[in-house]
Each structure stands twice: as structure tokens, then as C-alpha cells.
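Undergrad: Before I ask anything, here is the structure I am working with.
Chains as they are written, first to last, in full-length UniProt numbering: chain A, 1 to 334; chain B, 1 to 422.
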């Protein structure tokens with residue numbers, strides 16, 4: 001099924017199972033969702049549970065958090081996470097910190113979801129990745145699905161979770177289709193929060209990635225395997241909490257690491273992963289950790305410049321080779 | 001650690017005005033009443049603002065009595081309620097007690113702050129007591145209240161424990177937020193008091209969200225969403241008000257207009273300081289916020305209004321004697337004459353004292369004795385709060401999440417302090 005259908009079915013099933021779940025966001029109802037993720041839900045659940053809002057992120061995010069204080073389970077959609085900055089005070093100060101400041105009296109079972117990161121040709125204000133910003137904050141959980149299984153399992157887990165969850169989708173993945181098992185299609189399916197998935201096992205170098213970059217990493221691993229480098233690809237799934245155990249176990253096996261992300265490099269997810277590995281598995285490293293991230297510039301519009309601003313598969317392959325001390329491609333040896 | 005089980009909403013009974021204050025009620029009776037209110041509340045001693053025995057002598061009658069408000073209500077696109085307010089001697093005596101207790105508690109907090117037992121920010125409410133007490137007189141504990149950081153008295157009005165309040169201010173583990181919140185983060189969920197917020201204006205959309213949930217669940221209850229004249233210009237207020245009006249949310253926006261947003265006078269901050277009119281398409285009422293009965297009347301009117309018609313704005317014309325916070329002497333932007341003048345002409349406690357005396361419901365000495373007892377009560381509470389220890393170091397890592405799922409967390413030096421969240 002496509003990621004879009006995976007998300008839609010997850011929302012549908014969770015709304016059906018729990019009457020306190022409701023959706024709020026711009027164009028989620030009558031328009032059927034800006035990216036059609038909420039298609040059909042207004043007809044099925046009515047305007048009391050699928051609310052079209054005016055273009056007022058600070059207002060409706062605050063209203064959603066207030067409703068969550070009272071025990072409802074809102075799913076707030078940001079048309080893209082770039083607009084979450086208008087509401088970020090509510091995400092951080094009103095949602096993330098409440099359980100702590102009230103010593104457990106006020107928990108906030110809310111989900112903030114929407115597309116994150118670069119799309120295609122949408123320019124600087126519509127292309128930022130917010131994973132590092134939100135994952136910085138204790139009290140939030142930050143998830144980033146890649147496949148349809150991830151989308152279904154993580155969104156269901158997020159809605160059921162009693163804590164505020166930031167759910168970072170990717171617009172370019174919505175239309176991609178992935179095979180799913182019957183277990184994934186079952187309405188009780190959910191993935192655990194905080195556990196990464198080994199998408200591809202390998203023994204020479206570990207590549208960590210999340211969201212769309214997982215697909216790129218897998219393609220890079222295919223190319224690398226032809227050169228005799230066996231790459232292990234980790235789909236992080238959860239940025240906060242970060243599955244440090246899985247990352248470190250993998251690095252202790254392969255001894256080399258490439259961190260991959262789409263967002264800006266400084267203070268990014270890769271920086272945290274690098275530090276975590278240095279702290280826990282330094283003796284196991286045979287090479288410096290490599291980092292592939294978006295370019296340190298606002299996203300340009302021109303197609304050739306945009307291509308230079310976002311990681312490409314050849315960048316990942318090059319970094320993996322460097323980690324393996326192989327500057328030039330080599331043919332596989334028997 | 002998981003929170004205590006949420007109180008099932010359908011089981012909270014409609015309770016009359018603060019039964020624990022019924023002057024002939026024993027503490028045991030109050031406890032029995034509160035057990036019906038919520039299982040969690042029954043485990044604690046009933047929150048008493050004052051020992052019930054003090055009421056002897058002061059009239060306890062429930063005979064209705066009509067009093068005129070200080071000034072008539074001014075309104076915006078709605079017919080105002082009458083300025084004749086129905087009350088009882090018991091209600092007036094209770095209002096006097098509660099306001100006097102709040103006044104004494106805030107002044108005591110001032111001393112604790114100067115003694116460096118309270119740290120950081122401390123925003124005091126003295127002068128504004130009539131808003132908190134008048135509101136409580138008009139509503140039930142099933143209605144919700146949310147406010148910003150000047151929250152100590154709202155917490156007490158909702159039945160908050162005096163010892164827990166002082167312990168929280170001093171950062172002790174028996175504080176209402178276990179010492180982890182501080183002055184600006186008091187909450188009492190079982191009384192539908194949602195804090196306690198430090199970001200100016202943020203509580204306004206949150207309050208509209210509380211009302212959203214009340215309407216979603218068809219509870220027939222309302223939310224009082226308090227903010228100041230300083231917050232009244234926040235964009236998010238208008239965003240939330242727009243949605244509240246569109247969706248007919250049962251929310252009452254209460255502007256506690258004490259005329260100064262920190263150090264900025266209202267006429268310097270707002271092109272239009274007629275805050276009750278700022279809702280434009282949303283009706284509003286201007287209320288003398290120093291008059292307990294006017295506040296009560298306005299809140300009663302507002303509650304009935306919003307359940308039928310959607311949001312309304314109440315502008316409470318009130319005043320704070322202290323500066324914005326304990327770091328502000330409060331005299332660089334206003335004159336001492338102004339402060340003294342308000343205290344002389346409009347003090348909320350003095351107004352009710354005069355009513356009690358003129359209507360022969362109490363003698364001056366009885367009221368003075370009551371205030372002496374209140375002072376003792378507050379001193380006892382502070383002494384008890386001082387005995388409470390600082391939170392244990394393990395508290396640092398508690399309540400970051402509800403569902404901790406075996407998460408790791410780290411102290412400053414993660415090679416030294418590292419834990420799995422409880």
C-alpha cells in the first residue's frame with residue numbers, strides 16, 4: 001500500500017477505536033487533506049471530529065493542546081512543518097513541558113503531524129527539516145516513518161501514546177508503495193516508539209538514516225555491495241528517543257559509520273548520533289564518523305542548485321567509501 | 001510513573017458552592033462531600049480555606065439579600081445583567097474570609113521572597129482577590145479555569161492547599177507540583193484548574209481548547225480563560241477567539257485589566273484599551289473587578305451566555321498593589337498616590353467588610369478576629385511548608401514522559417549521571 005493509504009487507514013482505525021481522537025488542521029476536512037492524507041474522514045466522522053481550521057497555527061495548536069489537557073486526543077496537522085514555527089511555543093512550552101512542570105498532573109496526549117523536509121522546487125521557506133529542533137526537547141517524542149509499515153505502525157503508536165508526539169512525514173514518500181504483511185494491516189498493529197529497524201544487514205559500514213533518506217541509503221547500499229562493501233542500513237524510525245543501543249550495536253559490528261539526513265548539518269541528528277557513538281563505542285571505531293546532510297544554505301529553487309543542496313545517492317556512496325578507506329570505486333573481490 | 005487514574009467525567013457530581021466552607025460543617029462532613037467529588041481528593045485532607053469554627057458570631061444565614069454593584073455594567077453588543085445582585089450573609093462572610101486569606105498569603109509570600117526562600121519569579125495578586133473569589137461564587141468545580149503566572153490565588157480559590165502552595169513556592173517536594181513547577185506553574189486538575197502558564201497569552205488558546213473538550217463531550221460546563229491587559233494584544237488571542245466564535249465554544253475570556261502590562265500602562269500598549277470591545281463580533285462586558293458581587297454577577301451571566309451563544313469577553317477593572325513581580329517595586333511607572341488612592345477607595349476586602357457591617361452581619365471586632373485567625377493559619381501553613389524537604393534527586397528525571405518506555409536520560413555529565421526513566 002502507499003504511505004498515503006497507510007496514514008489514512010491508521011487515522012481511520014484509531015478514530016474508530018477511540019472517540020476522543022479528533023483531527024484538526026487546514027483543509028483536513030472538505031478539501032480531503034492538502035495531500036489527501038485525511039481523505040474520506042470528514043464524511044465518515046463528521047465535522048465535530050474532523051475540523052477545518054482557519055489559517056491560524058498558533059491559535060489552533062493552542063486549542064489542540066488545551067483539549068489534550070482535558071484528556072481528548074487531538075491529531076493536529078501542519079500543512080508542512082515549516083508552519084509549525086508559528087505554533088512552536090505551544091508545542092514546546094504548552095505541550096512538551098506540561099507533564100514535568102505539573103509533576104504528572106497534566107499530560108498531553110497529542111500528535112502533531114505533517115510533511116517535513118524538502119519537497120521538490122518549493123524553495124527556502126517550504127523545505128526545512130525540523131527533526132533536530134524538536135528532538136532537542138525533553139518531553140517530546142519525535143517519529144519519522146519511512147515505509148508504509150512505519151507509517152501505519154508509528155502513527156497508531158503516536159495516537160495511543162499519552163505524551164506529545166511530533167510525527168514527521170515526507171511529501172515525496174506519500175505516493176510510494178511498499179509491500180505490507182497481514183499483521184501490519186491488522187487494526188491493532190503498532191510499532192514500539194524508540195526502536196530503530198535494520199533495513200538491510202551488513203558488516204562493513206553502518207549507515208543511519210530516517211524518512212526519505214532511508215530509501216537513498218538502501219540504493220547506496222546496493223551500489224556499494226557491487227564494490228564489495230557490505231553496508232548495514234538503519235532506519236531510525238524514532239529520532240527522540242533515539243535508539244542508541246541499536247546504533248551502537250551496529251557500529252560495534254561494522255566499526256564504521258555514516259550518518260545521513262536531509263536537514264541542515266550544524267547541530268543536526270547526525271551530530272548527536274556521532275557523539276553518542278564516540279561516548280559509547282569509541283574503541284570500536286576503525287575510521288572517523290562520516291556525516292552526510294543537506295547543504296548549509298537555505299534551499300535554493302533552481303533545479304541544479306537544489307540538487308546540490310540535498311544529499312544524493314552518490315554522496316552517500318562516496319562517504320561510505322571514505323569510511324572504508326577506499327577513495328576510488330573498486331570491483332568486488334571474490 | 002503512571003499518573004493516578006483520570007477521574008471519569010460522568011461521575012463528578014454537580015457540587016454546590018464550596019461545601020467545605022459551610023460554617024457549621026465539620027471537617028468530617030467536608031471530607032465526605034469531597035469523596036463524592038473525586039477519589040483522589042478524598043485521600044487528602046479536605047482543602048479548607050479556614051477552620052469552620054471561626055464563623056460563630058458572624059452571620060451564617062442563607063436568607064437572600066440584594067446589593068447593588070458599585071457601578072452598572074457597560075456592555076458591547078449584548079444586554080448587560082442587572083446591577084442588583086442576589087447574595088446571602090453566608091456568601092458575603094465566606095467571600096471576606098477567602099479574600100482576606102488570599103491577601104495574607106500573598107503578603108506572606110512577599111516576605112518569604114525577600115528572605116530568599118522563594119526564588120526566581122513571584123507575581124502577586126493582592127488587590128485582585130475579588131476576581132478569583134467572585135468567579136468561584138458563580139461557578140462549579142466542573143467548570144474549568146486557566147490563567148497565566150499570577151496564579152497563587154486562583155489555585156487557592158479552586159480548593160488548593162495552603163501548605164502545598166507555600167511548599168511549591170519554596171521548591172519543596174510537598175508542593176502542588178512537587179517543587180518542579182514553581183510560582184508560575186500551579187495546577188489542580190481534580191478541580192479543573194489548568195494552571196499556571198509563563199508565556200504571556202499562550203493560556204488563551206489553551207483555555208479555548210479546554211472549552212473545546214467540554215463541548216466535544218457535551219458536558220454543559222464552561223471555561224474561564226484569564227489573561228491580562230498586557231496579553232490582550234496577542235495575536236494568538238484573536239486566532240483562538242475567532243475559532244471559539246466559529247465553533248461556539250463555551251469559553252469566557254476574562255481580561256484582568258490591572259492597567260499595567262509589567263511596566264507599560266494600558267494606553268501606551270493598546271490603541272484601544274476598551275478590552276471588552278476588542279472581541280469585535282464577540283460580545284463583552286466591563287465589570288468593576290474590585291467588587292466581589294459585580295464579578296459574581298458577571299460570571300454567572302457569562303456562564304449562561306456562552307452555553308447558548310459561544311464566547312464572551314469579561315473585562316475586570318482591577319488593580320494590583322504590588323509591582324508586576326517581586327523584582328518590580330511598582331513605582332517607576334505609577335505614583336504612590338494612585339496606589340494608595342485605589343486602596344482607599346476600591347479595596348475589595350474593605351468593600352465586603354463595609355457590607356457586612358452595614359447590614360449588621362458581623363461586628364468590626366469579629367471581622368478583626370477572623371483576620372487574626374487567618375494570619376495564624378497562614379503562619380502555620382508556612383511553618384509546615386518549611387518542614388517539607390527539597391525533592392529527592394530522583395525527581396529530576398520523573399514525569400518527563402508518562403509513557404517512559406525504558407527511555408534513557410542523562411545528567412550534565414552522562415558518564416556520571418545516566419538513568420533509565422522511571
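Positions of the beta carbon are idealized from the N, C-alpha and C atoms, including for glycine.
If you count every other CB in all the chains shown that lies within 10 Å of the CB of residue 238/A, and 16 or more means buried, which is it?
TA: In the first chain, residue 238/A corresponds to position 238, counting from 1. So residue 238/A counts as buried.
Undergrad: List in chain order: all unbroken beta strand (DSSP E) runs of 3+ residues lying wholly within the region 119 to 205 of chain A.
TA: Within the region 119 to 205 of chain A, the complete beta strand (DSSP E) runs of at least 3 residues are 141 to 143, 165 to 169, 197 to 200.
Undergrad: Return the bridge partner residues of residue 115/A from the DSSP annotation.
TA: Taking the first chain and counting its residues from 1, one reaches residue 115/A at position 115. In DSSP, residue 115/A forms a bridge with 169/A.
Undergrad: State the Cα-Cα distance for the pair residue 80/A and residue 209/B, rounded to the nearest angstrom.
TA: By 1-based counting over the first chain, the position of residue 80/A is 80. By 1-based counting over the second chain, the position of residue 209/B is 209. So the two alpha carbons sit approximately 22 angstroms from each other.
Undergrad: Less than 7 angstroms separating the beta-carbons of residue 1/A and residue 148/A?
TA: On the first chain, residue 1/A is found 1 positions in, with the first residue counted as 1. On the first chain, residue 148/A is found 148 positions in, with the first residue counted as 1. Yes, Cβ-Cβ distance for residue 1/A and residue 148/A is below 7 angstroms.
Undergrad: If the criterion is Cβ atoms closer than 7 angstroms, does the pair residue 185/A and residue 157/A meet it?
TA: Within the first chain, residue 185/A is the residue found at index 185, counting from 1. Within the first chain, residue 157/A is the residue found at index 157, counting from 1. Contact: no.
Undergrad: Spell out a yes or no on whether the region 244 to 254 of chain A and the region 162 to 173 of chain A are touching, meaning 3 or more CB-CB pairs, one atom from each, closer than 8 angstroms.
TA: These segments do not touch.
Undergrad: From this set, 324/B, 297/B, 390/B, which residue's C-alpha is nearest residue 149/B's C-alpha?
TA: Against the second chain, residue 149/B aligns to sequence position 149. Here the closest residue by C-alpha is 324/B.
Undergrad: So who's on the other strand from residue 316/B, going by DSSP bridges?
TA: Here residue 316/B corresponds to residue number 316 of the second chain, with the count starting at 1. Paired residue(s): 256/B, 287/B.
Undergrad: What are the complete alpha helix (DSSP H) segments, minimum 4 residues, inside the region 204 to 289 of chain B?
TA: Within the region 204 to 289 of chain B, the complete alpha helix (DSSP H) runs of at least 4 residues are 235 to 246, 266 to 269.
Undergrad: If distances are taken between C-alpha atoms only, which option among 272/A, 74/A, 105/A comes closest to residue 19/A?
TA: Your numbering for residue 19/A matches position 19 in the first chain. When each option's Cα is compared against that of residue 19/A, the closest is 74/A.
Undergrad: Report the rounded CA-to-CA distance for residue 259/B versus residue 16/A, giving the unit in angstroms.
TA: As a working note, residue 259/B is residue 259 in the second chain. As a working note, residue 16/A is residue 16 in the first chain. Those two C-alpha atoms are separated by around 49 angstroms.
Undergrad: Kindly list, in the order they appear in chain A, the residues whose Cβ is closer than 8 angstroms to that of residue 243/B.
TA: As a first step, residue 243/B is located in the second chain; it is residue number 243 there, counting from the start. The answer, in chain order, is 53, 54, 56, 59, 60, 63.
Undergrad: Against chain B, which members of the region 155 to 166 of chain A pass a CB distance test of less than 8 angstroms?
TA: Result list: 161, 162, 163.
Undergrad: Tell me where the beta strand (DSSP E) around residue 291/A begins and ends.
TA: Sequence index remark: in the first chain, residue 291/A carries index 291 (1-based). It spans 290 to 292 - the beta strand (DSSP E) in which residue 291/A sits, taken as one unbroken run.
Undergrad: Got a sec? Which residues, its chain only, sit under 8 angstroms from residue 396/B by beta carbon, not counting five neighbours each side?
TA: Along the second chain, read from residue 1 onward, the residue named residue 396/B stands at position 396. 411.
Undergrad: Taking residue 206/B as the query, report the chain A residues whose CB atoms sit under 8 angstroms from its CB, ordered along the chain.
TA: One-based indexing of the second chain puts residue 206/B at position 206. Ordered by position in chain A, the residues that pass the 8 angstroms Cβ test against residue 206/B are 62, 63, 65, 66, 69, 90, 94.
Undergrad: Please tell me whether residue 47/A has its Cβ less than 7 angstroms away from any Cβ of chain B.
TA: Position 47 of the first chain, counting from 1, holds the residue named residue 47/A. It does not: the Cβ of residue 47/A has no partner Cβ on chain B nearer than 7 angstroms.
Undergrad: Excluding the five sequence neighbours on either side, which residues of its own chain have a C-beta within less than 8 angstroms of the C-beta of residue 315/A, listed in chain order?
TA: For the purposes of this step, residue 315/A is taken as the residue at position 315 of the first chain. Correct list, in chain order: 292.
Undergrad: Taking Cβ positions only, does residue 123/B come closer than 7 angstroms to chain A?
TA: Walking along the second chain from the start, residue 123/B turns up at place 123. Cβ-Cβ to chain A under 7 angstroms: no for residue 123/B.
Undergrad: At a Cβ threshold of 7 angstroms, is residue 103/A touching chain B?
TA: Taking the first chain and counting its residues from 1, the one referred to as residue 103/A is at position 103. So, interface residue.
Undergrad: Which of helix, strand or coil does DSSP assign to residue 30/B?
TA: Position 30 of the second chain, counting from 1, holds the residue named residue 30/B. In this prediction, residue 30/B scores a pLDDT of 49, lower than 50, which makes its location untrustworthy; no coordinate-derived value is stated.
Undergrad: Under 7 angstroms between the Cβ atoms of residue 153/A and residue 210/A?
TA: In the first chain, the residue the question calls residue 153/A occupies position 153. In the first chain, the residue the question calls residue 210/A occupies position 210. Contact flag unset, no.
Undergrad: Provide the residue span of the beta strand (DSSP E) that contains residue 22/A, from first to last.
TA: Your numbering for residue 22/A matches position 22 in the first chain. Note, residue 22/A: beta strand (DSSP E), 21 to 25.
Undergrad: Are residue 292/B and residue 352/B closer than 7 angstroms when you measure CB to CB?
TA: Residue 292/B sits at position 292 when you count from the first residue of the second chain. Residue 352/B sits at position 352 when you count from the first residue of the second chain. Contact flag set, yes.
Undergrad: Let's see if you can read the secondary structure: which residues bound the alpha helix (DSSP H) around residue 96/B?
TA: Within the second chain, numbered from 1, the residue matching residue 96/B stands at position 96. That run of the alpha helix (DSSP H) goes 89 to 114.
Undergrad: Just the C-alpha distance for residue 95/B and residue 152/B, rounded to the nearest angstrom, thanks.
TA: Within the second chain, the letter at position 95 stands for residue 95/B. Within the second chain, the letter at position 152 stands for residue 152/B. If you take the alpha carbons of residue 95/B and residue 152/B, they lie about 17 angstroms apart.
Undergrad: So the candidates are 286/A, 213/A, 266/A, 312/A; which of them puts its Cα closest to the Cα of residue 297/A?
TA: The residue you call residue 297/A lines up with position 297 of the first chain. With distances taken between Cα atoms, residue 297/A lies closest to 266/A.
Undergrad: If residue 400/B sits next to residue 138/A, beta carbons under 8 angstroms apart, how far is it from one beta carbon to the other, in whole angstroms?
TA: For the purposes of this step, residue 400/B is taken as residue 400 along the second chain, with counting starting at 1. For the purposes of this step, residue 138/A is taken as residue 138 along the first chain, with counting starting at 1. Yes, residue 400/B and residue 138/A are in contact; Cβ-Cβ is about 5 angstroms, under 8 angstroms.
Undergrad: Taking the beta strand (DSSP E) that residue 74/A falls in, what are its first and last residues?
TA: Mapped onto the first chain, residue 74/A falls at position 74. Residues 73 to 77.
Undergrad: Out of 244/B, 265/B, 287/B, 103/B, which has the shortest C-alpha to C-alpha gap to residue 309/B?
TA: One-based indexing of the second chain puts residue 309/B at position 309. Per the Cα distances, 244/B.
Undergrad: Just mark residue 456/B as buried or exposed, buried being the case when its beta carbon has 16 or more other beta carbons within 10 Å.
TA: For chain B, the structure presents residues 1 to 422; residue 456/B sits outside this window and is missing.
Undergrad: Excluding sequence positions up to five away, which residues of its chain have a Cβ less than 7 angstroms from the Cβ of residue 64/B?
TA: Counting from 1 along the second chain, the entry for residue 64/B is found at position 64. Excluding sequence neighbours, residue 64/B sits near 86, 88.
Undergrad: Which partner residues of residue 66/B appear in the DSSP bridge assignment?
TA: Translated into positions along the second chain, residue 66/B becomes position 66. Beta-bridge pairing links residue 66/B to 86/B.
Undergrad: In the region 148 to 173 of chain B, which residues sit with their C-beta less than 7 angstroms from some C-beta in chain A, listed in chain order?
TA: The region 148 to 173 of chain B vs chain A, Cβ under 7 angstroms: nothing.
Undergrad: For residue 424/B, collect the residues of the same chain with a Cβ closer than 6 angstroms to its Cβ; drop the 5 residues on either side in sequence, then sort them by chain order.
TA: It is not possible to answer for residue 424/B, since the shown part of chain B is limited to 1 through 422.
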